[in-house]
Every structure is written in structure tokens, then in C-alpha cells.
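Trainee: Input: one structure, supplied below.
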Amino acid sequence: MLSVDQLEDKLIDLAFAEDIGDGDHTTLCCIPEDAMGKSHLLIKEDGVLAGVEMAKKVFARFDPTMKVEVLLQDGTHVKKGDIAMIVEGKTRSLLQTERLMLNIMQRMSGIATMTAKYVK
Numbered sequence: 001m002l003s004v005d006q007l008e009d010k011l012i013d014l015a016f017a018e019d020i021g022d023g024d025h026t027t028l029c030c031i032p033e034d035a036m037g038k039s040h041l042l043i044k045e046d047g048v049l050a051g052v053e054m055a056k057k058v059f060a061r062f063d064p065t066m067k068v069e070v071l072l073q074d075g076t077h078v079k080k081g082d083i084a085m086i087v088e089g090k091t092r093s094l095l096q097t098e099r100l101m102l103n104i105m106q107r108m109s110g111i112a113t114m115t116a117k118y119v120k
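Positions 1 to 120 (UniProt numbering) are the ones given, in order, by the sequence shown.
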């Protein structure tokens, strides 16, 4: 039986295989390999943040050299305009991990936000 960590790694690998396949051709074509960048995860609406730890795993699994600065933890009540994390690394890596990280965090934050509403 697989551990939770192994299951998470498998989910991430399958998601990358589906999303990127044999490569993000636009990124590979247009972004120099040595280009570096910085990304801010900006909160778009009020709610409860979730998926931060999974997002960190996504970045580490794809490119262990990426640096993640977590500003807001899972379970934090957030407001539109808050910044949850800052990620620095190769621009190609930032672009190729963005969609999976957003999908995970949006889904998990939506569930956490609705759960918090029902608990009240």
C-alpha cells in the first residue's frame, strides 16, 4: 500500500504528464533556459486558504531549485489582495508549474471556504 506522500507524488506526476505531456512548447520556444523569475500568489477573493503544503510539493517535485516563501499558512482566513506565497526560480519552471499549483489550491481553498461557512 502506498503512503500518503507516495500518493501525492503520484498525483503530481500524473497531473504533469497530462498538463505538460512532452513539454510546454510555447515556454520552451519563447523563454530562455537561463531566465529567472519571481511569482506572487495573489488572493482573488475572501476565503480560507488551503493547499499551501501541496503547492510546495508541486514546485519541489518539478524543480527542486525553486525557492518558496510561504507568507500565509493553510487554514488562514484570507482577503482579496493578500499574497499567500512568493516563488522564485527558473522562469520556465514557474510557468510550467503554475497551472497545476493553481488548480490544486483553488479546489482545496474552495472546499475549505465552504466548510468554514457550514461550520458557522
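Positions of the beta carbon are idealized from the N, C-alpha and C atoms, including for glycine.
1) Determine contact between the stretch 103 to 120 and the stretch 48 to 56, defined as no fewer than three beta-carbon pairs at a distance below 8 Å.
2) Report back the beta-carbon spacing between V58 and I12 to the nearest angstrom; my notes put them in contact at under 8 Å.
3) Identify, in the order they occur along the chain, each residue of the same chain with its Cβ nearer than 8 Å to the Cβ of L28, setting aside the five sequence neighbours on each side.
4) Does K38 come out as helix, strand or coil in the three-state DSSP assignment?
5) I think M101 touches A55, with their Cβ atoms under 8 Å apart; what is that distance to the nearest whole Å?
Mentor: According to the structure shown:
1) Contact check between the stretch 103 to 120 and the stretch 48 to 56: three or more CB pairs, one atom from each, fall below 8 Å, which counts as touching.
2) Here residue 58 is taken as the residue at index 58 of the sequence shown, counted from 1. Here residue 12 is taken as the residue at index 12 of the sequence shown, counted from 1. With a Cβ gap of about 6 Å, V58 and I12 count as contacting.
3) Translated into positions along the sequence shown, residue 28 becomes position 28. The residues are R92.
4) The residue you call residue 38 lines up with position 38 of the sequence shown. K38 falls in the strand class under three-state DSSP.
5) The residue given as residue 101 occupies position 101 in the sequence shown. The residue given as residue 55 occupies position 55 in the sequence shown. Confirmed, Cβ separation roughly 5 Å.
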